[in-house]
Structure formats: structure tokens, C-alpha cells
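FYI, my numbering numbers position 140 of the sequence shown as 140, with every residue one higher than the one before it.
Glycine included, every Cβ here is placed at the ideal spot set by N, Cα and C.
Just so you know, these numbers come straight off a predicted model, no measurement behind them.
Please read the structure below before turning to the comments.
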Amino acid sequence: MLGRMTAPVPSSSPHERLRALLDARPVILAPMEDVTDAVFRRLCRARGAELCVTEFVNAEKLVTGTRDARRRMTLAPDDAPTAIQIYGGDAELLVEAARIAEAAGPAFIDLNCGCWVPKIARRGAGSGWLRDPAAMVAMARRIVAAVALPVTVKTRIGFGREPEMPIVDLSRRLEDAGVAALTIHCRTALMAHTGSADWSWARRAREACSIPVIVNGDVRTADDAARALAETGAAGVMIGRAAIGHPWIFAEARALLDRGVQLPPPTVDARLDLLAEHTAANVAARGEYAGVRVTRRHLEGYLAGVPDGPALRRALLGADTLAACLALIDRARTRLATVRAA
Ligand SMILES: Cc1cc2nc3c(=O)[nH]c(=O)nc-3n(C[C@H](O)[C@H](O)[C@H](O)COP(=O)(O)O)c2cc1C
């Protein structure tokens, strides 16, 4: 007699997986050029970032296959769930880029419609799309039709010159175009990173549409993450700058959200250990020259609260090799141990 047959468990679709991820109200690592690379995603994921988005990848460079574009969109098997973010001002190129990005195996494709940098926005890319919401919706619709993976949009509340911010109306229109979720950096493009993010726009957009809305902007602590979710009812919260040099923020936010627990700040030893690990991993991934330099942006965060941190930071900024960086970090550890033993 045949053994009892168990029905095969249907593997869920990428759309269902994204829904399930967002049902859990994740704390998400923001896309940040020269920051959110494979190494940093791994460090943040190990500390509670449940979803990551790559640095933006230029559509044209992706289509021509430049080395940098390939690096940005290459995902290791354990780098999941991660979305690949693409940007450009030409819908045709974005369609082609989305197809190429899809083949790299991300959880979904994210369209950057929020970058404020003038040389990008002026060309109609990034937040340039906010100057013509109808064109932005049409572009998103084309990309949704071109790929099987979910397509999400990351944008701002408006360009900044409009009499009324377009984001609420836009959220409905993007939903209608088939966009699976929307991340809102709650500033205008003209604000760049100045002023304060106004999370109430994420709430208004969420109330206007039925796709998940992710709130972003000025979430600096676990308390901020809890407040941003509570005030907006968003499906997730995305953290950028506060994670630089402080990847522990994801664990801190998760502990507060799930258990109401305020985690103590990382110890000085934990800070120095992770700085050493991060530097070595960056050098392994990018070579010594780029690897040492790409870590420098994180120094201030890692060394916050470390005795003599500013002096150590200055010394590390002048160190060009991995060996020199590790020696400086080691010397700081030894100094600390001596002070403790005294
Ligand atoms: C150094 C840096 C690089 C960034 N690069 C990108 C990017 O590639 N794609 C993108 O959508 N946003 C990018 N952003 C914007 C962030 O994703 C985020 O929307 C913004 O910093 C606000 O969030 P925060 O207050 O948590 O930092 C970048 C921000 C910074 C500081």
C-alpha cells in the first residue's frame, strides 16, 4: 500500500511573500548610496533589519552592465529579503533595467522617485518624476507590466513647489498602476535633508490607498520607530542615517516594538569589535583602497561614547590600510583594558 500522500505545500508567490513581510510591520534598512552595500546589509540583517533595499542602481549603467552596477545588484544567496532599487529618467531604460534586476533574484524591484540631488532630479530621474506625477504613474505601470516580481516605489511627499502635496493622490494612482507598496520619505525634494520629516503625510497616504505604506524620515531611535508606526499606522518603518555606524538600531527597535524593552546601548567593546569586523569585511569585498574609505562614513557612529573616540576617529581617517586600521582599534582596546584594570 502506498504511504499517505501529503499535499505539496504551494510555494508562496513573491507578492504573497512581500505581503507577509509587511504584515509583520518590519523595520527596514533604507537604500543609501555607498552605505547600504552587501556588507552593511549583512551587519544590519544580523541585528534585526528584516528587509533591506540596495543602494540605487542607475538604469543606463545596469543595462550597459558596468562593473559598479553589477556590484550594486549582486545578491548573495543569504542576502534576502533584499529589494533592488533602480533609478533613471527614461521609462524605456527603466523597463529594461527592471528586467535585468529581476533576474538577479531580489524580493522585489523598488523604483527611486525620491532622490533630490539636482544633477539627478534635473534629468527627470529620482524626485524629478514628482514634477510630472502622470508620467511617474505611467512609468510605474509599464514596469509593473514588464516584470513578474512586485514593484514598489520610494518617493517624497512632493517636489516642493506644488500648492498641494501630490503624495495622497499619487498613492491611489500608484496603487491603480499595480504598485505593490509605497515608501514615503516625508519631506519634499526641495527640502533635501533639511527641516523635519512630517510623518502625517504617510498616515494621509495610507488612509487614501489600500497598498502598504512604509514611513521614512528622521527615525533616529527605537522610540522614534515605535512612534512613527503608531502615528501613521504604516506597514513598516524604514531607517537610513541612524543606522550608519549604529546597525544595532534595528535590534533596539524590534525589542521595543515586540517586547516593550529598551535595550541598553552597545558596550564600548561591542562598538570596537563591530568596527573592526566591518572594516575587514569591506576590504574583503572591495579591496583595500575602497574598503577602508567606505568604512569612514561609519566611524562617528561606531565611536560614539568610546573614550578618546574623536582622537581615534582622526587617526582612523588618516589610516590607509586594513592593518593600520586594525592596529589602531586594537590599541584602543588595550588602552581600555588597562584603564579598567587600574
Ligand atoms: C548617504 C545617503 C545615501 C542615500 N542614497 C539613497 C539611495 O540610493 N536611494 C534612495 O531611495 N534613497 C537614498 N537616500 C535617502 C534615504 O534612503 C532616506 O530616504 C533618507 O535618508 C531619510 O531617511 P533617514 O532620516 O532615516 O535617513 C540616501 C540617504 C543618504 C544619507
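Going by Cα to Cα distance, which pick from Ala205, Ala180, Arg47, Asn112 is closest to alanine 20? Ala180
Apart from the five residues on each side of it in sequence, which residues of its chain come closer than 7 Å, Cβ to Cβ, to glycine 233? Arg203, Arg206
Answer with buried or exposed for arginine 123, where buried requires no fewer than 16 other C-beta atoms within 10 angstroms of its C-beta. exposed
Since I believe proline 26 is in contact with glycine 236 (beta carbons under 8 Å), could you give me their beta-carbon distance rounded to a whole number of angstroms? Confirmed, about 5 Å.
Smallest Cα separation from methionine 297: which of Arg17, Asp34, Ala332, Asp23? The amino acid at residue 297 is misidentified as methionine; the sequence shows arginine. Here the closest residue by C-alpha is Asp34.
Mark tyrosine 302 as exposed unless 16 or more other C-beta atoms lie within 10 angstroms of its C-beta, in which case mark it buried. buried
Just checking valine 95 against ligand 1 - is the residue's beta carbon closer than 7 Å to any of the ligand's heavy atoms? no
Asparagine 216 beta carbon near ligand 1 (any heavy atom closer than 7 Å): yes
With H, G and I counted as helix, E and B as strand and the rest as coil, what does DSSP make of arginine 187? strand
Quick check on the burial criterion: 16 or more other C-beta atoms within 10 angstroms. Buried or exposed for arginine 340? exposed
Can you tell me which of Ile167, Pro150, Pro163 puts its alpha carbon nearest to the alpha carbon of isoleucine 157? Ile167
Cβ of methionine 139 within 7 Å of any heavy atom in ligand 1? no
Contact defined as beta carbons within less than 8 Å: I believe isoleucine 28 pairs with leucine 51. What is the distance between those atoms, to the nearest angstrom? 5 Å
Buried or exposed: which applies to histidine 185, given that a residue is buried once 16 or more other Cβ atoms fall within 10 Å of its Cβ? Burial state of histidine 185 is buried, judged by a 10 Å Cβ sphere holding 16 or more other Cβ atoms.
Give me the Cα-Cα distance between leucine 2 and alanine 104, rounded to the nearest whole angstrom. Caution is warranted here: a pLDDT of 39 is assigned to leucine 2, below 50, making its placement in the model unreliable, and no coordinate value can be reported.
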